[in-house]
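Working notes, structure below.
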Amino acid sequence: MAGKIQSLSEEERAHLLPLLQNAQWVEVVGRDAIYKEFIFKDFNQAFGFMSRVALQAEKMDHHPEWFNVYNKVQITLSTHDCGGLSQRDITLATFIDQASLM
């Protein structure tokens with residue numbers, strides 16, 4: 000059985016969050032979460048991106064909060080099991096950025 004998921008430490012935050020901010024992820028005000036908006040050429044591209052993310056999220060057992068209208072996808076990441084940001088969010092955010100370029 001896996002151990003309890005831990006929130007990011009202050010040291011991890013100081014190292015990892017600036018890397019995500021450089022990739023246009025922003026911290027959510029009033030919540031320990033990160034957010035990013037993606038714009039695609041059309042709905043087909045947006046949906047394909049969401050499908051790639053969904054498959055990876057399912058493998059990780061870590062699911063994003065997201066909203067889609069036509070070519071826009073808005074994603075918020077936070078780990079409910081620890082009530083804030085965890086390494087899972089960093090890993091999924093990194094994958095999401097890579098998937099957005101496919």
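Going by numbering that gives the first Met the number 0, the first residue of the sequence shown is number 0, and it counts up by one from there.
For every residue, glycine included, the Cβ atom is placed at its ideal position computed from N, Cα and C.
My output table needs one value for residue i: the three-state DSSP class, helix, strand or coil.
i	result
Gln-5	coil
Gly-83	strand
Ile-89	helix
Val-68	strand
Met-0	Low confidence applies here, because Met-0 scores a pLDDT of 38, under 50, leaving its location unreliable; read the following figure in that light. Reduced to three states, the DSSP call for Met-0 is coil.
Asp-96	helix
Can you tell me where the beta strand (DSSP E) with residue i in it begins and where it stops?
i	result
Val-72	71–76
Lys-40	Note, Lys-40: premise wrong, no beta strand (DSSP E); not H, not E.
Compute the beta-carbon to beta-carbon distance between residue i and residue j, rounded to the nearest angstrom, for a pair I have assumed lies under 8 Å.
i	j	result
Asn-67	Ala-32	18 Å between Cβ atoms; not a contact.
Bridge partners of residue i, per DSSP?
i	result
Ile-33	Glu-26 and Leu-76
Three or more C-beta pairs below 8 Å linking the region 83–92 and the region 55–67: Judged by Cβ distances under 8 Å, the region 83–92 makes contact with the region 55–67, as three or more pairs qualify.
contact_flag[the region 49–59, the region 77–85] where n(CB pairs < 8 Å) is 3 or more: Too few Cβ pairs lie closer than 8 Å, so no.
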